[in-house]
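The listed protein sequences derive, respectively, from chains W and Y.
Position 56 (the first sequence) corresponds to 56 in my numbering; numbering is contiguous.
My numbering runs 1000 ahead of the 1-based position in the second sequence.
Glycine included, every Cβ here is placed at the ideal spot set by N, Cα and C.
Given the structure is predicted, the values throughout are model-derived calculations rather than measurements.
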Amino acid sequence: ETGVTQTPRHLVMGMTNKKSLKCEQHLGHNAMYWYKQSAKKPLELMFVYNFKEQTENNSVPSRFSPECPNSSHLFLHLHTLQPEDSALYLCASSQVGGRRGQGYTFGSGTRLTVV
Amino acid sequence: SQQGEEDPQALSIQEGENATMNCSYKTSINNLQWYRQNSGRGLVHLILIRSNEREKHSGRLRVTLDTSKKSSSLLITASRAADTASYFCADAPRPKGGSNYKLTFGKGTLLTVNP
């Protein structure tokens, strides 16, 4: 375990379903991130939260809706997804403004399949 | 957009050999990081090198950074079958404000170490 926990590990959903991905970190970090990893593509940064405030939305379609109720939890709400949204969704956390030289800590990801 | 680009895309070696992966980036960086990903799992932070550093070691890993050429290399010495994974570089641009940065990843190098 890395200290960043993602649930569920696997998710199959229909295009009309609504589901949520959950991420939880116990590292005391104050920044959290959602990345999308598709086959043959670089990791795509979706959302950034610093101190619970969203600071980045990389032109992500509105069918993806993030929520950060506190600095330890991050959600990604999904609705009316498309098959091309099938991917590995990775959550990460980091410490902002603290000791330099620390990287991101990633969760194990949620493998999402949209049918 | 700025993106680390790894080279080669795939590398296959025998156990005990050294593996070298290269990375290029496009703009000024605060630091450059290397990550490892086992199939279908999250990324694990390996090593971070700051823009004012030229070389860094961590166990069997050696990272170099050439800011004049905007490139970095990761050397894994005395490779083992367990080193089989994808390796990504990620550049951290100089932040516009605050001390947070957004990591931008390349497509990765798939390293296969044959026993």
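Interface flag, residue i vs chain Y, CB-CB below 7 Å
| i | result |
| --- | --- |
| W:Gly109 | yes |
| W:Phe106 | yes |
| W:Arg9 | no |
| W:Leu43 | yes |
| W:Leu21 | no |
Residue-level contact to chain W via CB, residue i, 7 Å cutoff
| i | result |
| --- | --- |
| Y:Arg1054 | no |
| Y:Gly1097 | At Y:Gly1097 the pLDDT is 48, less than 50, meaning the model places this residue with poor confidence; the figure from the coordinates comes in the next sentence. Not closer than 7 Å to any Cβ of chain W, the Cβ of Y:Gly1097 fails to qualify, so no. |
| Y:Gly1059 | no |
| Y:Glu1017 | no |
| Y:Ser1001 | Bear in mind that the predicted position of Y:Ser1001 carries a pLDDT of just 31, short of 50, making it too unreliable to give a figure here. |
| Y:Leu1111 | no |
| Y:Gln1033 | yes |
| Y:Leu1011 | no |
| Y:Thr1027 | no |
Of the listed residues the options, nearest to residue i (C-alpha basis)
| i | options | result |
| --- | --- | --- |
| W:Phe47 | W:Lys40, W:Leu76, W:Glu56 | W:Glu56 |
| Y:Ser1051 | Y:Glu1015, Y:Ser1028, Y:Leu1075 | Y:Ser1028 |
| W:Pro83 | W:Leu11, W:Met15, W:Thr2 | W:Met15 |
| Y:Phe1088 | Y:Leu1043, Y:Glu1017, Y:Asn1031, Y:Lys1102 | Y:Leu1043 |
| W:Ser108 | Y:Gln1037, Y:Ile1076, Y:Asn1030 | Y:Gln1037 |
| Y:Asn1030 | Y:Ala1092, Y:Asn1114, Y:Ser1024, Y:Thr1112 | Y:Ala1092 |
| W:Asn30 | W:Tyr89, W:Ser86, W:Ser94 | W:Ser94 |
| Y:Leu1061 | Y:Leu1074, Y:Lys1069, Y:Ser1068 | Y:Leu1074 |
| W:His79 | W:Gly28, W:Pro66, W:Lys18 | W:Lys18 |
| W:Gln102 | Y:Ile1049, Y:Met1021, Y:Leu1065 | Y:Ile1049 |
| Y:Ala1081 | Y:Gly1059, Y:Ala1090, Y:Pro1115, Y:Val1063 | Y:Pro1115 |
| W:Ala116 | Y:Tyr1035, Y:Ser1072, Y:Gly1016, Y:Ser1079 | For chain W, the structure presents residues 1 to 115; residue 116 of chain W sits outside this window and is missing. |
| Y:Gln1033 | Y:Thr1112, Y:Ser1039, Y:Ser1071 | Y:Ser1071 |
Proximal residues of chain W, C-beta to C-beta of residue i below 7 Å
| i | result |
| --- | --- |
| Y:Leu1103 | Tyr104 |
Chain-ordered neighbours of residue i on chain W, where CB pairs are closer than 8 Å
| i | result |
| --- | --- |
| Y:Leu1065 | Those within 8 Å of Y:Leu1065 in chain W number zero; the least Cβ separation is about 14 Å. |
| Y:Arg1041 | Ser108, Gly109 |
| Y:Lys1107 | Lys40, Lys41, Pro42 |
Within chain Y, partners of residue i - CB distance below 8 Å
| i | result |
| --- | --- |
| W:Glu56 | Lys1102 |
| W:Val60 | Under the 8 Å cutoff, chain Y gives no residues; its nearest Cβ is about 14 Å from W:Val60. |
| W:Thr2 | Gly1042, Val1044 |
| W:Leu90 | Gly1042, Leu1043 |
Beta bridge counterpart(s) of residue i as assigned by DSSP
| i | result |
| --- | --- |
| Y:Ser956 | In this structure chain Y extends from 1001 to 1115, so residue 956 of chain Y is not present and cannot be described. |
| W:Gln6 | W:Cys23 |
| Y:Lys1056 | Y:Val1063 |
| W:Glu67 | W:Phe75 |
| W:Thr113 | W:Val12 |
| W:Met32 | W:Tyr49, W:Ser93 |
| Y:Arg1036 | Y:Val1044, Y:Tyr1087 |
| Y:Val1113 | Y:Ile1013 |
| Y:Pro1093 | Y:Ile1029 |
| W:Gln37 | W:Leu88 |
Cβ-heavy atom distance, residue i to the ligand PLP, below 6 Å
| i | result |
| --- | --- |
| Y:Met1021 | As presented, the structure is devoid of all ligands, the ligand PLP included, so that no description of it is given. |
Notebook entry, point to check: Counting pairs of Cβ atoms below 8 Å between the segment 1006-1016 of chain Y and the segment 1051-1066 of chain Y, do you hit three or more?
Noted result: no
Note to self: Does the structure place the segment 72-90 of chain W close enough to the segment 21-32 of chain W that three or more beta carbon pairs sit under 8 Å?
What the structure shows: yes
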